[in-house]
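S.K.: Okay, here's the structure, questions in a sec.
Protein chains: 2
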Amino acid sequence: MNTRPRHRPRILLHDPTLRDGHHAVGHQLDADQLRAYAIAANAAGVPVVEVGHGNGLGASSLQIGRARLDDATMLSTVREALTTSRMGAFMAPGWGTSDDLAAAVHHGADVVRIAAHCTEADVTERHLGVVRDLGAEAQGVLLMSHMTSAGELAEQCALMVKFGAQAVGIMDSAGHYLPDEVTKRVRAIAIAVDVPVIFHGHNNLGLAVANSLAAVDAGASILDATARGFGAGAGNTQLEVLVAVLERHGLETGIGLREILAAADVVANRLMTTPPSIDSIAVASGLAGVFSGFKRPVLETARAEGVDPVDLFLALGARQIVAGQEDMIGDVARQLKAVTR
Amino acid sequence: MNTRPRHRPRILLHDPTLRDGHHAVGHQLDADQLRAYAIAANAAGVPVVEVGHGNGLGASSLQIGRARLDDATMLSTVREALTTSRMGAFMAPGWGTSDDLAAAVHHGADVVRIAAHCTEADVTERHLGVVRDLGAEAQGVLLMSHMTSAGELAEQCALMVKFGAQAVGIMDSAGHYLPDEVTKRVRAIAIAVDVPVIFHGHNNLGLAVANSLAAVDAGASILDATARGFGAGAGNTQLEVLVAVLERHGLETGIGLREILAAADVVANRLMTTPPSIDSIAVASGLAGVFSGFKRPVLETARAEGVDPVDLFLALGARQIVAGQEDMIGDVARQLKAVTR
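Protein chains in written order, with this note's numbering: chain A, 60 to 400; chain B, 60 to 400.
As structure tokens, this is what we get:
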């Protein structure tokens, strides 16, 4: 251990366990659960603990799913539990509004992420400005980023920096990337902007940790990861695994291994119902590049129309369906049924 | 899809679901379970279906764990279920003998793996010769391969080829590798031998799929993987995920995606009790580079001596403990206890 250089490059791990994990439990975490994990993450030295409804500020609704707690309660519960970790919030314009941003910062959010579909960075302009004006750190992230090119992502990220983003990056919302695809995209973004670059992985193809490593090697310095991979379907990049892997890779995170393993045990024992695993649906949606959040409507439609959900995912992927186009699932299922008859 | 080249490089997937998976269920699979999976794997076009006690031919014993079925019953059950897939068997000299090899081939094994610790290829000489004489395909694999250098592994593999091995390679028995470490080792082996190179991954650090991809890019053409990752602890490389990833990577496996997803569902629904997941112990043993098979004795010793199992794994790793040295676990635990008092 003494042969290591004393000053290793520092990677900032951003932890959306209490936001992305909400997708895995229908947004039903209670205050005791939020508090227990926030205390453990804070003790482990996690730099940013993000909390909220799975779809972010303002998203709790009958259509998307009602969270057990309102945004204010979630934020203030976690805020009270953190002594050194900063608190993060997430908002996708359309679900959330400027009022939600103001309330989040009022309740102690230090870092606020504004998310947009990978080609629609222009919708983040006003909200990134609001976050800056409120005095919080503003970050911009592009969803479903596999759907466009490295060059386009670099341009969209540069646009968000112009709008005031102090860190920008990409989400692999469908868990679709291979490592070399991440390398190409992150490298293009890192060249185009002079702020830290973010990578957020999902594990549908079992590559979330490897993709995060590829992102770091290509110039990313903020990696998102959740304890035990707590998140929808196949889950996110697994935080404690990433801590161990970055350590082996010679990079410093400032997070204690034993403490983050203990935090992961809190998630396993108190927050999650079943550990994330890569089932057949997760493989099909990752391969197809379809947003993981489509799992439930796709399964329901497949059952109702009597088509194979794997076939339905692959057909939706071929049609480049994106979030917000849930109403097309039925049409595609019926076309599939007509063809396979 | 029509833009793909028609002839893509072919990777042979070798499937030890019914052998490595046995570790996850105390070697208790019954004939109906073996048959159900073998039929599904055969239907998916899996090239080799390996079956047996988790530790291989002749290993069923009170000390290591008694299998529900004897070797002959396991082999003949799977043999009857396969019409196009070949059948594989595995033997580590010390647990198995030449008589076990003869029985395995008599019961229809087409491919027989002889395994040795990474620096002890010399123990495979006689058994590789026996397999060749019996008319089956002989393969040689090195266990705990992270414990030695690329150069040494290349020499040991070349030795096994001299002994008659028709394919050789390495197992990441502890799930310790990062992709660049696999690249270096597989490349050295591929340069040193003129037979197909094998890579067998485990998922302790969430990198089994990525390491398999690195192995292929470095010259491996036989990859081991199990359905749903069925295997001890964090499990093996997940077969159906690897099929999807290799497809995305432009490589042909001859395995049907829908059919292998169906085979994986057979494992999930009929063979496994809980899906493999990367728990804190798996991370610690992967990081420490300790053989996954040590999990049970390490947990028991940690409890008995009142030390943290994560600390015990890391201490065992620092001492480079290998399989067969189980008796040292207690000593290391007591030293640890003395130090931390």
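Built from N, CA and C at the ideal position, the CB exists for glycine as well. Every value quoted in this text rests on a predicted model; they were computed, and no experiment measured them.
How many whole angstroms separate the CB atoms of residue 294/A and residue 262/A, which I take to be in contact at a CB cut-off of 8 Å?
M.R.: So it is a contact: roughly 5 Å between Cβ atoms.
S.K.: Please state if the CB of residue 179/A and the CB of residue 226/A are separated by a distance shorter than 9 Å.
M.R.: It is not a contact, given that the beta carbons lie outside the stated cut-off.
S.K.: Three-state secondary structure (DSSP) at residue 319/B?
M.R.: Here residue 319/B sits in helix by DSSP.
S.K.: What does the Cβ neighbour count give for residue 397/A, buried or exposed, with the cut at 16 atoms within 10 Å?
M.R.: Residue 397/A comes out exposed.
S.K.: If I measure Cβ to Cβ from residue 393/B and keep anything under 7 Å in the same chain, skipping five residues before and after, which residues do I get?
M.R.: For residue 393/B, where only same-chain residues beyond five positions count, the Cβ hits under 7 Å are 364.
S.K.: Residue 265/B to residue 267/A, Cα distance in whole Å?
M.R.: The alpha-carbon atoms of residue 265/B and residue 267/A are separated by roughly 8 Å.
S.K.: Whose Cβ in chain A lies nearer than 7 Å to the Cβ of residue 238/B?
M.R.: Chain A residues near residue 238/B: 269.
S.K.: Find out if the Cβ-Cβ distance for the pair residue 186/B, residue 160/B is shorter than 9 Å.
M.R.: Yes, Cβ-Cβ distance for residue 186/B and residue 160/B is below 9 Å.
S.K.: Expressed to the nearest angstrom, what Euclidean distance is found between the alpha-carbon atoms of residue 97/A and residue 243/B?
M.R.: Approximately 40 Å between the Cα atoms of the pair.
S.K.: Mind listing which residues of the stretch 357-376 of chain B have their C-beta closer than 7 Å to chain A's C-betas, in chain order?
M.R.: For the stretch 357-376 of chain B, which is checked against every Cβ of chain A, the residues closer than 7 Å are 369.
S.K.: Report, in whole angstroms, the separation of the C-beta atoms of residue 391/B and residue 375/B, which I expect to be a contact under 8 Å.
M.R.: The Cβ separation is near 6 Å, so the contact holds.
S.K.: Do residue 252/B and residue 220/B come within 9 Å of each other at the CB atom, strictly closer than that value?
M.R.: Yes, the pair counts as a contact, with Cβ atoms nearer than the cut-off.
S.K.: Taking CB distances under 9 Å as the criterion, tell me whether residue 262/A reaches chain B.
M.R.: Output row for residue 262/A: interface = yes.
S.K.: From this set, 316/A, 151/A, 163/A and 90/A, which residue's C-alpha is nearest residue 105/A's C-alpha?
M.R.: Nearest C-alpha to residue 105/A: 316/A.
S.K.: Check for me: the beta strand (DSSP E) holding residue 133/B runs from which residue to which?
M.R.: Premise fails: residue 133/B lies in the alpha helix (DSSP H), 130-140, not in any beta strand (DSSP E).
S.K.: Are the CB atoms of residue 135/B and residue 126/B within a distance shorter than 9 Å?
M.R.: It is not a contact, given that the beta carbons lie outside the stated cut-off.
S.K.: Helix, strand or coil: which one does DSSP assign to residue 105/A?
M.R.: Of the three classes helix, strand and coil, the one that applies to residue 105/A here is coil, per DSSP.
S.K.: What residue range does the beta strand (DSSP E) around residue 288/B cover?
M.R.: Residue 288/B -> no beta strand (DSSP E), and no H or E assigned at all.
S.K.: Check whether the Cβ of residue 275/A lies closer than 9 Å to any Cβ atom in chain B.
M.R.: No, residue 275/A lies away from the interface with chain B (no Cβ there is under 9 Å from its Cβ).
S.K.: Roughly how many whole angstroms lie between the Cα atoms of residue 277/A and residue 283/A?
M.R.: Rounded to the nearest angstrom, the two C-alpha atoms are 16 Å apart.
S.K.: How is the beta strand (DSSP E) around residue 69/B delimited, first residue to last?
M.R.: Segment: none, residue 69/B is in no beta strand (DSSP E) and carries neither H nor E.
S.K.: By how many angstroms is the C-alpha of residue 76/B removed from the C-alpha of residue 289/B?
M.R.: Approximately 6 Å between the Cα atoms of the pair.
S.K.: Taking C-alpha atoms, which residue in 158/A, 107/A, 154/A and 112/A lies nearest to residue 140/A?
M.R.: When each option's Cα is compared against that of residue 140/A, the closest is 107/A.
S.K.: Put residue 166/B into one of helix, strand or coil per three-state DSSP.
M.R.: Coil.
S.K.: Can you list the alpha helix (DSSP H) stretches of 4 or more residues lying completely in the stretch 248-279 of chain B, in chain order?
M.R.: Within the stretch 248-279 of chain B, the complete alpha helix (DSSP H) runs of at least 4 residues are 267-276.
S.K.: Note down, in chain order, all residues in the stretch 326-338 of chain A with a beta-carbon under 9 Å from any beta-carbon belonging to chain B.
M.R.: Result list: 327, 333, 334, 335, 336, 337 and 338.
S.K.: Which whole-angstrom value describes the C-beta separation of residue 163/B and residue 171/B, a residue pair presumed to lie in contact below a C-beta threshold of 8 Å?
M.R.: Right, the Cβ-Cβ distance comes to about 6 Å (below 8 Å), so this counts as a contact.
S.K.: For residue 79/A and residue 216/A, I'd like the C-alpha separation in whole angstroms.
M.R.: Their Cα atoms are separated by approximately 22 Å.
S.K.: Kindly indicate if chain B contains any beta-carbon less than 9 Å away from that of residue 87/A.
M.R.: Output row for residue 87/A: interface = no.
S.K.: Nearest to residue 173/B by alpha carbon, out of 357/B, 166/B and 191/B?
M.R.: Nearest of 357/B, 166/B and 191/B to residue 173/B, Cα basis: 191/B.
S.K.: For residue 355/B, which of 314/B, 249/B, 204/B and 389/B has the nearest alpha-carbon?
M.R.: The option with the nearest alpha carbon to residue 355/B is 389/B.
S.K.: One question on the structure: do residue 103/A and residue 318/A come within less than 9 Å of each other, judged by their Cβ atoms?
M.R.: Yes, they are a contact pair.
S.K.: Give every residue of the same chain whose Cβ lies closer than 6 Å to the Cβ of residue 385/B, excluding the five residues on either side of it in the sequence, and list them in chain order.
M.R.: Correct list, in chain order: 356.
S.K.: In three-state DSSP terms, what is residue 119/B?
M.R.: Reduced to three states, the DSSP call for residue 119/B is coil.
S.K.: Roughly how many whole angstroms lie between the Cα atoms of residue 71/A and residue 240/B?
M.R.: In a straight line, the C-alpha of residue 71/A is about 24 Å away from that of residue 240/B.
S.K.: Of all the CB atoms in chain B, is at least one closer than 9 Å to the CB of residue 105/A?
M.R.: Not one chain B Cβ lies under 9 Å of residue 105/A.
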